[in-house]
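Novice: Let me give you the structure first, and then I'll get to my questions.
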Amino acid sequence: MFGTRFISEDRGKLYREMREQHGPIAPVTLVGDVPAWLVLGYRELHQITGNPGLFTRDSSVWNMWDQIPPDWPLMPMVGRQPSILYEVGDRHERRSTLVSDALRDVDPFELRTHSEQHADELIDAFCGSARADLVDEYAMQLPALVLARIFGFTGEDGAALVPSINAVVDGSDGAIEGRQYLQRAMGTLLRSRAIAPAGDVATRMQTHPNSGEFSSEEILEDMMVDLIAGHQPTADWISNSLRLMLTDDRFAASLGGGRASVGEAMNEVLWEETPTQNIAGRWTTRDTQLGGRRIQGGDLLVLSFAAANADPHIRPDQHSFTGGNSAFFSFGHGSHRCPYPAQEIAEGIARTGIEVLLDRLPDVDLAVDEEELAWRPSPFLRGLESLPVTFTPTSAVGGR
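Numbering (the numbering used here), first residue to last: 118 to 517.
Below, the structure written as C-alpha cells:
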C-alpha cells in the first residue's frame with residue numbers, strides 16, 4: 118500500500134486495477150507488513166459507515182495488537198486517544214452533539230470577514246513580487262488562521278499556532294513539539310474562557326449542556342481535532358481547486374472574475390482529488406461477509422474515499438463533469454462523518470480564499486508546466502507539495 122505506485126499521480130489507475138483484480142475489497146499491507154483491507158466500493162463504504170455496531174471506530178478490538186510495536190508509524194491513526202474520533206455509542210452521539218452545536222453557532226458573516234481579512238494579509242505579503250507558492254504562502258496558512266480566530270484566539274496568537282499546526286500535519290521532526298505547543302495554547306484559551314466567556318467556539322464547548330459529561334482533557338482534545346483536522350483538508354481543498362482552475366479550460370472563466378465556476382471547481386475536486394483519500398479506519402466486531410470477502414472479527418478496514426468516489430457502479434462515465442452532484446464520500450458518512458457545521462466552515466474558508474485571491478490577482482498563472490506539479494507522498498491525503506504561480510505585481514491593500 119505504501120509503494121511508489123500508490124503515491125504516484127495516477128492513483129486512479131491503481132484503484133481501477135485493484136478493483137479489477139480483487140473487487141470492492143482488496144487485501145493490502147500497511148507499513149511494517151501489517152495486513153488490512155482497503156475498501157474500494159462506494160456501496161461497501163456506505164454499508165460500513167452506516168453500521169457502527171458491526172464496523173466500529175473502537176480500535177481496541179483489533180486482532181493485530183499483539184504484533185504492533187509501540188513506535189509503529191501509524192500508531193497516531195489507530196491508537197485509541199481521548200478525542201471524539203475514537204468514541205463510540207451513545208457517548209459519541211452526545212459528544213458529537215456538543216462539537217456540532219459549538220461549530221453551528223459560528224456566525225457566517227464573521228467567518229467571511231475573518232477569511233477575507235486573513236486572505237488579504239497573506240496576499241499583501243507577496244503581491245508585489247510577481248511570484249508566489251500558493252501552497253506554502255497561502256493555502257497552508259489561511260485555514261489555520263481563520264479557525265484560530267473563530268475558536269477564540271487573537272490574530273497574533275493564531276498566527277503563532279500556524280507553524281505548530283503544519284508540523285503536526287506534516288509529521289515532521291517538530292511534530293511532537295508542535296502538538297505540545299498546541300495543547301498548551303488550547304489549554305490556556307479554555308481556562309481563560311472559563312473565567313471570561315465570549316462568543317467563540319472555546320466558550321461554547323465549555324458551556325454546552327453536554328459539557329459536564331466530559332473531562333477538560335476530552336474537551337481540549339476535541340478542540341485540537343477540530344483545529345488540525347479542519348485545517349489540512351481545507352488547505353488542500355484550496356490548492357487543489359486552484360490547480361484545477363489553472364489547468365482545466367472548463368474553469369478558465371473563473372480567472373476572469375467569474376464566481377459561479379469557483380464552486381463548480383471545488384465540487385469537482387471533492388470527486389476527483391479529494392483531500393482526504395484514505396482513512397484508517399474501522400474494525401469488525403465479529404466475522405462477516407463484505408464485498409464477496411470473508412472478513413474476520415477484529416480485522417482493520419481502511420476506507421478509501423477516493424476509490425469510492427470513482428466507483429464505476431455509481432459513476433460509469435469517469436470523464437463526465439460532476440456539476441453540482443454532492444454524493445461524494447469526501448466528508449465521510451454515518452455517525453463519524455465530518456460534522457455538517459464543520460463542512461460548511463471549511464467550504465466558507467476555502468471559497469472565500471479562492472475568490473479573494475482571484476479578485477486580487479486576476480491574471481495569476483502557473484509558473485511551471487502542469488506536469489511539473491508534484492503531489493505530497495502520502496497514501497492518506499491528497500495535496501500538492503507546491504503551486505508556483507506568476508502574476509502582475511500589485512499593491513497591498515492593508516486589509517479590507
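Even for Gly, the Cβ is constructed at its ideal location relative to N, Cα and C.
Just checking, does the region 155-168 make contact with the region 181-194 on the three C-beta pairs under 8 Å criterion?
Specialist: No: fewer than three Cβ pairs fall under 8 Å.
Novice: What would DSSP say about Ala153, mapped onto helix, strand or coil?
Specialist: Strand at Ala153.
Novice: Can you tell me the Cβ-Cβ gap for Leu420 and Asn384, rounded? I've got them flagged as a contact below 8 Å.
Specialist: Going by Cβ atoms, the distance from Leu420 to Asn384 rounds to 21 Å, so no, they are not a contact pair.
Novice: Between Gly518 and Ala302, is the Cβ-Cβ spacing less than 8 Å?
Specialist: Missing from the structure shown is residue 518; the chain here goes from 118 to 517 and no further.
Novice: Which of the three DSSP states is assigned to Leu171 in this structure?
Specialist: Coil at Leu171, not helix or strand.
Novice: What are the residues that DSSP puts in a beta bridge with Trp388?
Specialist: None; Trp388 has no bridge partner.
Novice: Hey, how far is the Cα of Gly500 from the Cα of Asn283?
Specialist: For Gly500 and Asn283, the distance between alpha carbons rounds to 13 Å.
Novice: Buried or exposed for Gln413, going by 16 or more other Cβ atoms inside 10 Å?
Specialist: Under this definition Gln413 is an exposed residue.
Novice: Would you mind stating whether Gly264 and Ala236 have Cβ atoms separated by less than 8 Å?
Specialist: The sequence given here places Leu at residue 264; Gly does not occur at that position. Their beta carbons are not under 8 Å apart, which means Leu264 does not touch Ala236 by this criterion.
Novice: Would you mind reading off the limits of the alpha helix (DSSP H) that contains Thr351?
Specialist: Ser333 to Thr364 is the span of the alpha helix (DSSP H), which, as asked, contains Thr351.
Novice: Can the beta-carbon of Ser503 be found closer than 8 Å to that of Asp241?
Specialist: Not a contact, by the Cβ cut-off of 8 Å.
Novice: Please state whether DSSP places Ser503 in a helix, a strand or coil.
Specialist: Coil, per DSSP.
Novice: Would you mind listing the beta strand (DSSP E) stretches within the region 228-252 that are 3+ residues and don't spill past its ends, in chain order?
Specialist: For the region 228-252, whole beta strand (DSSP E) runs of length 3 or above, ordered along the chain, are 248-250.
Novice: Closest to Met198 by C-alpha separation, out of Ser177, Val473 and Ala292, would be which residue?
Specialist: As written in the sequence, residue 198 is Gln, which differs from the Met given in the question. For Gln198, the nearest C-alpha among the options comes from Ser177.
Novice: Thinking just about the alpha-carbon of each residue, which of Gly316, Glu273, Ser452 and Ala153 is nearest to the one in Leu417?
Specialist: The shortest C-alpha separation from Leu417 is found at Ala153.
Novice: Run through DSSP, which three-state label would Pro193 get?
Specialist: In this structure, Pro193 counts as helix in the three-state DSSP scheme.
Novice: Relative to the C-alpha of Ala518, which residue among Thr509, Ala277, Ile471 and Glu472 is closest?
Specialist: As shown, the chain starts at 118 and ends at 517. That puts residue 518 outside it, with no answer to give.
Novice: Is Arg221 near the ligand SAM, going by C-beta to nearest heavy atom under 7 Å?
Specialist: The ligand SAM is absent from the structure shown, which contains no ligands of any kind.
Novice: By Cβ distance, which residues of its chain are closer than 7 Å to Gly408, with the 5 residues on each side in sequence left out?
Specialist: The residues are Gly140, Pro141, Ile142, Gly158 and Glu161.
Novice: Going by Cα to Cα distance, which pick from Val151, Val205 and Gly347 is closest to Cys455?
Specialist: When each option's Cα is compared against that of Cys455, the closest is Gly347.
Novice: Taking 8 Å as the cut-off, decide whether the C-beta atoms of Thr173 and Trp400 are in contact.
Specialist: The answer is yes: Cβ separation under 8 Å.
Novice: Would you kindly work out how many angstroms separate the C-alpha atoms of Asp476 and Pro314, rounded to a whole number?
Specialist: Computed Cα separation, rounded: 37 Å.
Novice: Just to confirm the assignment, what range does the alpha helix (DSSP H) spanning Val318 have?
Specialist: Where Val318 is concerned, the enclosing alpha helix (DSSP H) stretches over Val318 to Thr324.
Novice: Are Ile462 and Leu228 closer than 8 Å when you measure CB to CB?
Specialist: Yes, these two residues count as a Cβ contact at 8 Å.
Novice: In chain order, what residues of the same chain lie with their CB nearer than 7 Å to the CB of His163, ignoring the 5 residues before and after it?
Specialist: The answer, listed in chain order, is His450.
Novice: Here's a check: name, in chain order, each residue in its chain whose Cβ is nearer than 7 Å to the Cβ of Gly291, leaving out the five neighbours to either side.
Specialist: Ala284, listed in sequence order.
Novice: Give the C-beta separation of Gly380 and Arg468 to the nearest angstrom, bearing in mind that I take them to be a contact with Cβ-Cβ under 8 Å.
Specialist: At roughly 7 Å, the Cβ-Cβ gap stays under 8 Å, so Gly380 and Arg468 are in contact.
Novice: Run the CB neighbour count on Gln349, radius 10 Å, all protein chains shown included, and call it buried at 16 or more, exposed below.
Specialist: Buried, because 16 or more other Cβ atoms sit within 10 Å of the Cβ of Gln349.
Novice: Mind reading off the beta-carbon distance from Met322 to Leu215? Whole number of angstroms is fine, and I expect it under 8 Å.
Specialist: Confirmed, about 7 Å.
Novice: Look up Gly409 in the DSSP assignment and say whether it is helix, strand or coil.
Specialist: Here Gly409 sits in coil by DSSP.
Novice: If I follow the unbroken alpha helix (DSSP H) through Thr469, where does it start and stop?
Specialist: Thr469 -> alpha helix (DSSP H) spans Tyr457 to Arg477.
Novice: Anyone know if the C-beta pair for Leu498 and Asp343 falls short of 8 Å?
Specialist: The answer is no: Cβ separation not under 8 Å.
Novice: Helix, strand or coil for Ala62? Go by DSSP, reduced to three states.
Specialist: There is simply no residue 62 to check, as the chain begins at 118 and stops at 517 in what is shown.
Novice: So which of Leu155, Gly149, Gln297 and Val151 has the shortest CA-CA distance to Leu131?
Specialist: Looking at the Cα atoms, Leu155 is the closest of the given residues.
Novice: Leaving out five residues before and five after Arg211 in sequence, what residues of the same chain have Cβ atoms less than 7 Å from its Cβ?
Specialist: Here the set comprises Asn327 and Glu330.
Novice: Residues in the same chain with beta-carbon distance under 8 Å from Ala219, minus the five sequence neighbours each way, listed in chain order, please.
Specialist: For Ala219, where only same-chain residues beyond five positions count, the Cβ hits under 8 Å are Val318, Arg321, Met322 and His325.
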